[in-house]
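Asks:
Protein chains: 2
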Amino acid sequence: MYLPRHFELSDKSIAFQLIEEIVFGQLISYHQGNIECNFAPFYLDAKNNYLSTHLAKKNIHTSQILEAQDLKIIFQGPHTYISPGWFSDPQNVPTWNYIAIEVEATPSIMDKAELVDLLEKLSSKHEAQFENPWTMDKLSPKKLDAMTRAIEGFKFKIKSLTAKAKLSQNKSHDQVRELIAGLKKQPGDNASLVKNWMQQINDIKD
Amino acid sequence: MYLPRHFELSDKSIAFQLIEEIVFGQLISYHQGNIECNFAPFYLDAKNNYLSTHLAKKNIHTSQILEAQDLKIIFQGPHTYISPGWFSDPQNVPTWNYIAIEVEATPSIMDKAELVDLLEKLSSKHEAQFENPWTMDKLSPKKLDAMTRAIEGFKFKIKSLTAKAKLSQNKSHDQVRELIAGLKKQPGDNASLVKNWMQQINDIKD
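Residue numbers (the numbering used here), protein chains in the order written: chain W, 278 to 483; chain X, 278 to 483.
Take a look at the structure:
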């Protein structure tokens, strides 16, 4: 990923926070002439520097991951169009602001106990927001067994992590304020999330 | 991309509509042992079956695209967690619903006239939403020249397109209704967009 220095998010704890918020990532690997790409929710074990996920055994990707010639996991954060019309100076050009994280990792296959543990962790994490969280013990042993047989769990030891936050850090403080004012008028979560990140990264209060 | 038949969005016009809405895509290519991945806005020429974008000349990816051993362009649509707690039957498992489009394409480099045309098209498309759209003629010839010298334009002839809409089509009509009711209570654009797509694809009215 192209990463001019001013767009680098060097604080690993923020990058980890982003991965935990985005969850839904993209597993990309290259094997015998083909880039294979699949989306899946990832669980981050920040302490031990692992990402993990599971794929359907029927997914051809499952059999390619350990033999891949290269493998990356990408998390796409908020993104939005930035209009040059928001600057007082018209000598600016359209661009796109966004956050993206790229992880290089070494894969390995989970055993059944690790896979069940991953399913528990993913479901507790996502169910925590609900008043009556669904829990894995609601599944009959037969159903749980069928589910775990149909999927393969993967652990990915993180080798390197690149976090790009393209948030107008190459513009002056005043110009970033102009963009923030422009973004505030735009509808949608993406505009609002990018605006918040721009404020945080460029240290601009409301 | 793993694509069970019931999740295939076979209507190319819907896939094209999605690409035009998402705009911001991911260029992934493999070259000499490395998967290179960059985000950029794409312009779709639906009539001639081309996608186009531009990258910074400083971006190493620019020099690798024509020599890539494989190349894909991915558009990630809305995505959201689906709780098994929303079903009346607890014998269901957590999942993620989402839309993603994968394009295989043959790249070529644009000449300067094509690049300027692309910049015009991208900016008019995005500026159309504003009361006072910024237009390229606001740029001084010097600035326009500097901008076009710093970037390389690429055309991608679409060879194949895979559109995955994982929207609970493998569930019964009644179960999809239960999920839609659950999603309606969730905050955020992603939940709302996924809900709308689920209604459209599964033909469920409000």
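For every residue, glycine included, the Cβ atom is placed at its ideal position computed from N, Cα and C.
Quick one: list the residues of chain X neighbouring residue 465 (chain W), beta-carbon separation under 8 Å, in chain order.
Replies: Simply 466.
Asks: What residue from W:359, W:388, W:417, W:432 has the CA that sits closest to residue 469 (chain W)'s CA?
Replies: Comparing Cα-Cα distances from residue 469 (chain W) to each of W:359, W:388, W:417, W:432, the minimum goes to W:359.
Asks: Consider the Cβ of residue 460 (chain X): report whether some Cβ of chain W lies at a distance smaller than 8 Å.
Replies: No - not a single Cβ of chain W is within 8 Å of the one on residue 460 (chain X).
Asks: Sorted by chain position, which residues of the same chain lie with C-beta nearer than 8 Å to residue 457 (chain X)'s C-beta, five sequence neighbours on each side aside?
Replies: Same-chain partners within the cutoff: 472, 475, 476, 481.
Asks: Can you pull out the residues from the region 319-343 of chain X whose beta carbon lies closer than 9 Å to at least one beta carbon of chain W?
Replies: Within the region 319-343 of chain X, the qualifying residues are 332, 333, 335, 336, 337, 338, 339.
Asks: Counting pairs of Cβ atoms below 8 Å between the region 281-294 of chain X and the region 337-350 of chain W, do you hit three or more?
Replies: At 8 Å Cβ cutoff, the stretches do not touch.
Asks: For my contact list, residue 400 (chain W) and residue 367 (chain X) are in at a C-beta cut-off of 8 Å; report their separation, rounded to the angstrom.
Replies: Contact doesn't hold; Cβ gap of about 12 Å is too wide.
Asks: State buried or exposed for residue 445 (chain W), treating a residue as buried only when at least 16 other CB atoms are found within 10 Å of its CB.
Replies: Looking at its Cβ environment, which holds 16 or more other Cβ atoms inside 10 Å, residue 445 (chain W) is buried.
Asks: Could you check if residue 443 (chain W) is buried or exposed, using at least 16 other CB atoms within 10 Å of its CB as the buried criterion?
Replies: So residue 443 (chain W) ends up on the buried side.
Asks: What are the residues of the region 409-422 of chain W that lie near chain X, defined by any Cβ-Cβ distance shorter than 8 Å?
Replies: Within the region 409-422 of chain W, the residues whose Cβ lies closer than 8 Å to some Cβ of chain X are 409, 410, 411, 415, 416, 417, 420, listed in chain order.
Asks: Could you tell me which chain X residues have their CB closer than 7 Å to the CB of residue 373 (chain W), listed as they occur along the chain?
Replies: In chain order: 301, 318.
Asks: Quick check on residue 430 (chain W) - is its C-beta less than 8 Å from some C-beta in chain X?
Replies: It does not: the Cβ of residue 430 (chain W) has no partner Cβ on chain X nearer than 8 Å.
Asks: What span of residues does the alpha helix (DSSP H) with residue 340 (chain W) cover, start to end?
Replies: Per DSSP, residue 340 (chain W) belongs to the alpha helix (DSSP H) from 338-341.
Asks: If you measure beta-carbon to beta-carbon, which residues of the region 343-362 of chain X are closer than 8 Å to chain W?
Replies: Within the region 343-362 of chain X, the residues whose Cβ lies closer than 8 Å to some Cβ of chain W are 346, 347, 348, 349, 351, 353, 356, 358, 360, 361, 362, listed in chain order.
Asks: Identify the continuous beta strand (DSSP E) that holds residue 350 (chain W) and give its terminal residues.
Replies: Element bounds for residue 350 (chain W): 347-359.
Asks: Quick one: grab the DSSP three-state call for residue 362 (chain W).
Replies: Of the three classes helix, strand and coil, the one that applies to residue 362 (chain W) here is helix, per DSSP.
Asks: State buried or exposed for residue 383 (chain W), treating a residue as buried only when at least 16 other CB atoms are found within 10 Å of its CB.
Replies: Its Cβ having fewer than 16 others within 10 Å, residue 383 (chain W) is exposed.
Asks: Here's the rule I'm using: 16 or more other beta-carbon atoms within 10 Å means buried, otherwise exposed. How should residue 303 (chain W) be labelled?
Replies: That one is buried.
Asks: Locate the beta strand (DSSP E) running through residue 319 (chain W), then write down its first and last residues.
Replies: Taken as a continuous stretch (DSSP letters only), residue 319 (chain W) belongs to no beta strand (DSSP E), as it is neither H nor E.
Asks: With C-beta atoms as the reference, is residue 354 (chain W) less than 8 Å away from residue 323 (chain W)?
Replies: No, these two residues do not count as a Cβ contact at 8 Å.
Asks: Could you name the residues of chain X that residue 284 (chain W) contacts, counting a contact when the two beta carbons are closer than 8 Å?
Replies: Those do not exist, as residue 284 (chain W) stays about 11 Å from chain X at its closest Cβ, beyond 8 Å.
Asks: Could you tell me how far apart the beta carbons of residue 381 (chain W) and residue 436 (chain W) are, in whole angstroms, since I believe they sit closer than 8 Å?
Replies: Sure, about 5 Å apart at Cβ, within 8 Å.
Asks: Could you tell me whether the Cβ of residue 407 (chain X) comes closer than 8 Å to any Cβ of chain W?
Replies: With 8 Å as the cut-off, residue 407 (chain X) counts as an interface residue toward chain W.
Asks: Is DSSP giving residue 384 (chain X) helix, strand or coil here?
Replies: Looking at residue 384 (chain X) - three-state DSSP - the assignment turns out to be strand.
Asks: Near residue 325 (chain X), which residues of its chain fall below 7 Å by C-beta distance, leaving aside the five closest residues on each side in sequence?
Replies: Closer than 7 Å at the Cβ level, and outside the excluded window around residue 325 (chain X), lies no residue.
Asks: Residue 278 (chain W) touches chain X at which residues, Cβ-Cβ below 7 Å?
Replies: Under the 7 Å cutoff, chain X gives 314, 315.
Asks: Can you pull the DSSP bridge partners for residue 407 (chain X)?
Replies: Bridge partners of residue 407 (chain X): none, in fact.
Asks: Let me check understanding here. Comparing Cα to Cα, which of W:305, W:394, W:295, W:293 lies closest to residue 344 (chain W)?
Replies: Closest option to residue 344 (chain W), Cα to Cα, is W:305.
Asks: Which residues of chain W have a Cβ atom closer than 8 Å to the Cβ of residue 379 (chain X), listed in chain order?
Replies: Residues of chain W passing the Cβ test: 314.
Asks: Going along chain X, which residues have a C-beta under 7 Å from residue 368 (chain W)?
Replies: Correct list: 416, 417, 420.
Asks: Using a beta-carbon distance below 8 Å, is residue 435 (chain W) in contact with chain X?
Replies: For residue 435 (chain W), the answer is no, since every Cβ of chain X falls outside 8 Å of its Cβ.
Asks: Looking at chain W, is there any beta carbon in it that lies within less than 8 Å of the beta carbon of residue 473 (chain X)?
Replies: Closer than 8 Å: no.
Asks: Alpha carbon to alpha carbon, what distance is there between residue 440 (chain X) and residue 532 (chain W)?
Replies: Past the edges of chain W, shown from 278 to 483, lies residue 532 (chain W), and the structure says nothing about it.
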